[in-house]
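Beneath this line is the structure, given in C-alpha cells, with notes to follow.
Protein chains: 2
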Amino acid sequence: MRRMIDVQNIEDIALGAAVLGTGGGGDPYIGKLMAAEAIRQNGPVELVSVDEMGDDDMSVAIAMMGAPTVMVEKMPGGTEAVSAFNAVQSYVGKPIKYIYSIEAGGINSTIPIALAAKMRLPLVDLDGMGRAFPEIQMVTQSLFGITAHPFTMADEKGNSVVLSTIDNRWMETFARGIAVNMGATTIIGAYPASGKQQKEAAVHGTMSFAETIGRTIREARAAHVDVIRALKDVTKGYVIFHGKLTDVQRKTVAGFARGEALLEGIGEDAGSTMRIQFQNENLMAEKNGTIIASVPDLITMVEEDTGEPLTTEQLRYGFRVMVLAMPAHHHWRTPKALEVVGPRYFGYDIDYSPIDERL
Amino acid sequence: MRRMIDVQNIEDIALGAAVLGTGGGGDPYIGKLMAAEAIRQNGPVELVSVDEMGDDDMSVAIAMMGAPTVMVEKMPGGTEAVSAFNAVQSYVGKPIKYIYSIEAGGINSTIPIALAAKMRLPLVDLDGMGRAFPEIQMVTQSLFGITAHPFTMADEKGNSVVLSTIDNRWMETFARGIAVNMGATTIIGAYPASGKQQKEAAVHGTMSFAETIGRTIREARAAHVDVIRALKDVTKGYVIFHGKLTDVQRKTVAGFARGEALLEGIGEDAGSTMRIQFQNENLMAEKNGTIIASVPDLITMVEEDTGEPLTTEQLRYGFRVMVLAMPAHHHWRTPKALEVVGPRYFGYDIDYSPIDERL
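In C-alpha cells form, the structure reads like this:
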C-alpha cells in the first residue's frame with residue numbers, strides 16, 4: 270500500500286522509532302527536524318511496502334554512524350547524505366530507486382526520510398533490525414548474505430570513503446575507525462539490496478509500525494488513558510520494572526557510548542533494583558542481580574506517566590521510568606543470528622532466552 | 270634514458286635506498302625478494318626518466334604503508350598491489366602507463382619494481398621524497414597541489430578501501446587508522462600524477478641515485494677501499510658521529526615505530542654522546558645535547574666497516590656505526606615544505622638549519 274509521509278507522520282514515526290531504538294540511535298529530535306525541513310522544501314515522501322518493489326529494483330540504506338552522544342552536538346548538513354547516496358549509486362549497475370532505513374531507532378528512522386524527500390525517491394517500509402543495534406553487521410540483511418559494500422562514508426568537511434570488505438564484520442572494524450576520525454559521526458550509504466533480497470531478508474513494515482507506536486502514545490496522552498498499557502499492547506511488550514534512576518554512568522569509547530543505568534524499584538517493584546547495561550543501545554536488564562531480558566529482545570526505558578522513550582544520553586538521576594521489554598523479530602532468534610547479536614557477542618556469558626518465554 | 274632493471278640492479282637499488290631510507294621504510298630485504306621474483310617470472314623492468322613521460326601520461330605510486338616493525342613479520346603476497354593499482358585505474362580517466370615509487374627508502378623502493386614487472390609497465394626514475402618519511406602527505410607532489418586521491422588500500426584478506434579527502438593531511442589520518450585495522454600494514458595505490466606534474470613536482474632520478482649509492486658501497490667493499498668515504502662522496506653527505514649503540518628504545522604507537530637510539534663516541538668522538546630520535550625514520554640527531562642534524566635532511570646509521578645501512582628495527586646494543594647526514598632535496602627546504610616536514614611538525618621546537626650550512 271502506497272501512501273505519503275508528511276510532517277505530521279514524522280512526529281509519530283520518530284516517537285515510535287525511539288521506543289524501538291532501545292535507548293540508542295541518537296536523539297530523534299535532530300532527525301525529525303531534518304526530515305520535516307526536507308519535506309517542507311520538497312513535498313511529502315512516498316512510503317511503499319516491500320511487496321511493491323520489483324524484484325530487480327535496487328534500494329540503499331542511508332544512516333548516521335557514530336556515538337549518539339556526539340550526534341547531539343554535531344548536526345549533519347544534508348549534503349553528506351546526498352554524497353553517500355551518489356557514491357553507492359556510482360558502484361551499483363542500475364539506478365537506485367528506493368531509500369530505506371537500516372535501523373528503526375532514533376535518528377536513523379528519519380534521516381532516510383530527509384534524503385528521500387531531497388532526492389524525490391520513495392522510502393521502503395522496512396528496516397534492517399526492527400530496532401537499533403550498535404554495529405554495522407547487525408542487520409538482518411547480513412544474515413541472508415547481503416554485503417554492506419559498496420559502503421560509503423561522507424563527512425561535512427568533504428571527505429569521502431568507499432569500503433569493500435570480505436565480510437560485514439570487517440566493515441564494522443574499518444568504518445568505526447573512520448567514523449571516529451571523521452569526528453565520531455558520519456553519514457553512510459550501505460547495504461544496496463534488490464526487491465527480491467529485501468522481501469527475504471528485511472524486517473518488513475517497520476516504518477509503519479514505528480508510526481503506529483508513536484500515534485498510540487500520542488492518542489493515549491490526548492485521551493488521558495493509561496499510556497503505558499497502550500504501549501505494552503501495541504508493542505506486544507512487557508513491563509519488567511518500575512523504578513527511579515539512581516545512577517547513570519556513560520563514556521564514549523572507540524566511537525560507542527557505553528555505560529549502565531541503576532534503578533531503585535517503585536510501587537510493585539519497591540525493594541528491588543535493576544541494572545541496565547548499554548552500548549549505544551540497552552543490551553541487558555538485571556533485576557536483583559538476575560538477568561531478566563537481553564539482546565536481541567528490545568529493552569526500552571520510558572517515562573512512567575507520559576510513555577516518552579528515553580535515550581541513554583537523556584537519562585538523569587531521579588527520572589521515574591517504566592522498563593519495557595519487547596520481543597525481537599524472528600530473524601534475530603535463530604542460532605546463526607544469535608552469534609551476531611546474542612548476549613555472548615556482547616561479552617555476557619549467558620544464553621539468550623526470549624522475553625515472551627521468560628514471563 | 271631508457272634502460273632495463275634486472276635482478277642485479279635490484280640489489281644495488283635496495284642497498285642504496287636503505288641509505289636514503291634514513292632508518293625507515295622497512296627491511297629492504299623483503300621488497301628485494303619480491304622484486305627479484307617478479308622479474309624472474311616476468312622479465313626485466315624498464316626504467317624511464319621523467320623527461321620521457323608524455324605530459325599527459327599518467328603514473329601511479331604503489332607502496333606499503335604501516336609500521337616497518339610489523340612489515341618484517343608480514344610479507345605481502347603480491348595480489349594486494351595489483352588490487353591497489355586496479356582500484357586507482359578505475360578512477361583515473363585514462364590508462365595508467367607508469368608506476369613510481371613514493372619513497373626511496375627501504376621496501377618502498379622495490380615494491381613498485383615488483384608490480385611493474387608483474388603489470389609489464391615501466392617504472393619512472395623518480396620518487397616523492399628523495400628519502401623516506403613517515404606520513405602520507407610528506408611527498409613533494411603534495412607541495413605542488415597533487416592530491417593523494419583516489420587513494421586505495423588493499424590487504425591480503427581481500428579487503429579494499431578507496432579514500433578521497435579534502436587534503437593530503439586528512440588522507441594520512443584516515444589511511445593510518447585503516448592500516449592499523451588491516452593488521453598494521455597494507456599496500457596502497459596513490460598520488461596518480463601526469464608527466465607534466467611529475468616534471469615539476471617529483472624528486473627526479475631517485476631510483477638511479479639509489480642504484481649508484483648501492484653500487485658504490487658494493488664496489489668499495491670489493492676493492493677494500495674506505496666504504497664510508499665513498500659513501501660520503503657519492504651522497505654529498507657528512508659523517509656526524511662515530512659511535513657504539515648503548516641503548517635503543519622503540520615501540521609501535523598508532524601504526525608507527527617510534528623510539529630513540531643512544532650512542533657513545535668512538536675514535537674522534539670518544540667522550541661524546543649522540544641521541545637519535547625516530548618515527549619510522551630518523552628525525553633528529555643530538556650530539557652532547559645539541560641538535561646537529563634534523564629533518565628534512567637525511568640521517569642514516571651505517572655499520573662502521575661495511576657501510577651497511579641500518580633500519581631502526583635492526584639496531585642492537587653494541588653495534589658500531591657511523592652516522593651520516595645528507596642534504597634534503599631543495600623542494601623540502603622552502604618555508605612551505607618545512608611546515609610539512611620540518612622539525613616543528615614533529616614536535617621539536619627548533620628551526621631547521623641545513624646540514625650543509627651547519628658543518
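Those protein sequences? They're chains A and B, same order as listed. Counting in my numbering, the first sequence runs from 270 upward without gaps. Counting in my numbering, the second sequence runs from 270 upward without gaps. Ideal placement from N, C-alpha and C gives every residue a C-beta, glycine not left out.
Relative to the C-alpha of Ser352/B, which residue among Met422/B, Thr416/B, Lys301/B is closest?
-> Met422/B
Contacting residues, own chain, Cβ-Cβ under 8 Å from Pro364/B (five flanking each side not counted) | Met327, Gln358
Kindly list, in the order they appear in chain B, the residues whose Cβ is closer than 7 Å to that of Leu432/A.
-> Val430
Nearest-angstrom Cβ-Cβ length linking Ile497/A and Ile560/A, presumed shorter than 8 Å = In fact, because the Cβ distance is near 23 Å, the residues do not count as touching under 8 Å.
Under a CB-based cut-off of 9 Å, is Gly446/A close to chain B?
-> yes
Within-9 Å CB hit, Asn450/A to chain B | yes
Is there contact here, the stretch 303 to 316 of chain A with the stretch 432 to 451 of chain A, by at least three beta-carbon pairs under 8 Å?
-> no
Measuring CB to CB, does Glu349/A end up less than 9 Å from Thr455/A?
-> yes
Is the Cβ-Cβ distance between Gly290/B and Thr580/B less than 9 Å?
-> yes
What are the residues of the stretch 276 to 305 of chain B that lie near chain A, defined by any Cβ-Cβ distance shorter than 9 Å?
-> none
My guess is that Arg490/B and Thr575/B are in contact by the Cβ rule of under 8 Å, so how many angstroms apart are they, rounded?
-> 6 Å
Within 10 angstroms of its Cβ, does Met273/A collect 16 or more other Cβ (buried), or is it exposed?
-> exposed
How about the stretch 307 to 325 of chain B and the stretch 373 to 392 of chain B: do they share at least three Cβ pairs that are nearer than 8 Å?
-> yes
Per-residue DSSP class, three states only, for Met407/A | coil
Could you tell me which of Gln466/A, Gly375/A, Ala373/A, Gly374/A sits nearest to Leu412/A, measuring between CA atoms?
-> Gln466/A
Reference Phe478/A; option with closest CA among Ser378/A, Lys366/A, Val610/A | Ser378/A
Using a C-beta cutoff of 9 Å, does Phe443/B count as contacting chain A?
-> yes
Measuring CB to CB, does Lys387/B end up less than 9 Å from Gln310/B?
-> yes
For Glu349/A, which residues does DSSP report across the bridge?
-> Per DSSP, none; premise fails for Glu349/A.
Verify the contact flag: Thr581/B, CB atom, against every heavy atom of the ligand SAM, threshold strictly below 8 Å.
-> This structure simply doesn't include the ligand SAM, nor any ligand for that matter.
In chain A, which residues lie with their C-beta within 7 Å of the C-beta of Gly427/B?
-> Ile435
Go through the stretch 364 to 394 of chain A residue by residue and report every complete run of the beta strand (DSSP E) that reaches 3 residues or more, in order.
-> 365 to 369
Touching or not, the stretch 426 to 438 of chain B and the stretch 423 to 432 of chain A, by the rule of three or more beta carbon pairs under 8 Å?
-> yes
Are three or more beta carbon pairs between the stretch 598 to 610 of chain A and the stretch 505 to 518 of chain A nearer than 8 Å?
-> no
Chain A contact residues for Trp439/B, given Cβ-Cβ distances below 7 Å = Asn428
May I ask you to list the residues that DSSP assigns as paired with Thr455/B?
-> Met334/B
Out of His418/A, Leu284/A, Gly292/A, state which residue places its alpha-carbon closest to the alpha-carbon of Glu529/A.
-> Gly292/A
Per DSSP, Val317/A forms a beta bridge with which residues?
-> Val393/A
Note down the Cα distance separating Gly397/B from Met407/B, rounded to an integer number of angstroms.
-> 8 Å
With C-beta atoms as the reference, is Met570/B less than 9 Å away from Ile282/B?
-> no
Could you name the residues of the same chain whose beta carbon sits closer than 6 Å to that of Ala330/B, not counting the 5 residues immediately before and after it, in chain order?
-> Tyr369, Ile371, Ala459, Tyr460
Using CA coordinates, which residue listed in Thr521/B, Phe402/B, Gly587/B, Met440/B is at the minimum distance from Ser563/B?
-> Phe402/B
Helix, strand or coil for Gly323/B per DSSP?
-> coil
Would the beta-carbon of Ser541/B fall within 9 Å of that of Phe510/B?
-> yes
Go to Met553/A, then tell me how far its beta strand (DSSP E) extends in each direction, as first and last residue.
-> 550 to 556
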